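To convert, count from 1 in the sequence shown and add 1; that's the numbering used here.
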Amino acid sequence: MGRLQGKSALITGGASGIGLAAAQAFVREGAKVMLVDRDQGALEAAVKDLGAGNAVAHYADTAQVDAAETFVRAALEKFGGLDIAVLNAGVGSLGLPVDGYPIDEFDRVVGVNLRGVWLTLRACVRVMKPRKAGSIIVTGSIHSHAARALSSPYTTAKAGLLGMVKGAALEMAGHGVRVNMVAPGFIDTPLLRKALDAIVPKGGVSGRDALARNIPMRRLGASEEVAEVMLFLASDEASYTTGASFAADGGVLAAWGPTPD
Ligand SMILES: NC(=O)c1ccc[n+]([C@@H]2O[C@H](COP(=O)([O-])OP(=O)(O)OC[C@H]3O[C@@H](n4cnc5c(N)ncnc54)[C@H](O)[C@@H]3O)[C@@H](O)[C@H]2O)c1
């Protein structure tokens with residue numbers, strides 16, 4: 002029997018990268034999934050790939066104030082319940098210093114990566130709390146735990162998510178709902194590829210190779226490697242785990258200086 006047999010899951014940002022890999026892992030383990038995304042074409046392709054009997058698509062922008070209430074209701078109508086929610090929709094940010102950062106760009110990044118996650122969390126808690134069961138998984142980042150220069154809105158949002166996870170976990174601890182974070186490092190997805198493609202190679206070394214050299218495991222991660230941690234948190238195997246953050250980062254957060262060869 003699959004580890005998520007008979008369970009239903011909602012995954013925001015489920016049409017690509019880490020969200021899609023989570024959907025594939027959850028379906029493999031017997032769950033039915035609703036993918037929420039604002040990329041209609043990718044959403045349709047993802048559902049086709051997963052199989053219409055396993056997955057449904059919901060087109061929405063998680064930054065919009067009423068979106069979450071609508072897609073959570075749709076998931077309840079479709080599945081008759083909601084056991085798991087992966088709050089994963091997110092965007093990258095521009096590499097600019099704080100004193101030169103455009104305010105509307107700050108609002109865009111925080112609007113999706115922090116406020117949008119909180120709106121989704123709120124809607125999920127409203128249905129899971131009365132049912133006294135549920136596992137909520139928030140996609141944070143290594144930026145939830147440590148900062149990087151020139152990404153202040155992204156770091157602000159992802160660090161804020163850690164407080165959100167801990168606070169919600171405490172509120173839900175007596176109500177059977179677990180809330181945890183997965184903090185990916187540098188994962189080979191369209192989001193990261195876009196950022197790496199913008200880096201001009203230096204001394205014949207591509208941005209991708211330069212980045213990999215600074216990761217203790219000397220490589221980028223795969224979406225599937227993050228999805229497996231999400232699967233653990235979604236499953237009953239994590240029944241005593243709440244308010245925690247699990248890194249899937251090739252050792253980045255463990256490092257202070259260079260890693261020996
Ligand atoms: N790739 C990395 O290196 C990395 C590292 C740490 C954290 N993360 C986080 O992982 C999450 C997933 O990113 P990914 O790397 O898989 O990127 P991705 O671009 O492959 O996938 C993100 C998906 O989210 C969707 N999305 C974005 N904003 C949305 C919105 N407002 N409403 C609905 N859907 C929206 C996109 O359309 C896309 O399908 C993000 O929260 C990101 O910040 C990624």
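Every residue gets a Cβ at the ideal spot worked out from N, C-alpha and C, and that includes glycine.
Computed from a predicted structure; not experimentally measured.
| request: Please name the residue, chosen from Thr63, Gln41, Asn55, that lies closest to Lys8 on a Cα-to-Cα basis. | output: Asn55
| request: Can you grab the Cα-Cα spacing for the pair Ala158 / Ala76, in whole Å? | output: 26 Å
| Ser136 by DSSP, collapsed to three states: which one? | strand
| request: Compute the Euclidean distance between the alpha carbons of Ala248 and Pro103, then round it to the nearest angstrom. | output: 30 Å
| request: Express the C-alpha separation of Met165 and Ala86 in angstroms, rounding to a whole number. | output: Approximately 15 Å between the Cα atoms of the pair.
| message | According to DSSP, is Phe247 part of a helix, a strand, or is it coil? | response | In this structure, Phe247 counts as strand in the three-state DSSP scheme.
| 8 Å CB neighbourhood of Asn181 in its chain, flanking five on each side removed | The answer, listed in chain order, is Ser136, Ile137, Ile138, Val139, Val166, Ala170, Leu234, Ala239, Thr242, Thr243, Gly244, Ala245, Ser246, Phe247.
| If you draw a straight line from the alpha carbon of Ala46 to that of Gly14, how long is it in whole angstroms? | 13 Å
| query | According to the Cβ coordinates, are Val111 and Gly168 closer than 9 Å? | reply | no
| Quick check: the region 214-222 against the region 118-128, are there 3 or more CB pairs under 8 Å? | no
| task | Check whether the Cβ of Gly91 lies closer than 9 Å to any Cβ atom in chain D. | result | Absence of chain D from the displayed structure is noted, only one protein chain being present.
| request: Would you list the one or two residues that DSSP bridges to Asp38? | output: Residue pairing by DSSP puts Asp38 in a beta bridge opposite Tyr60.
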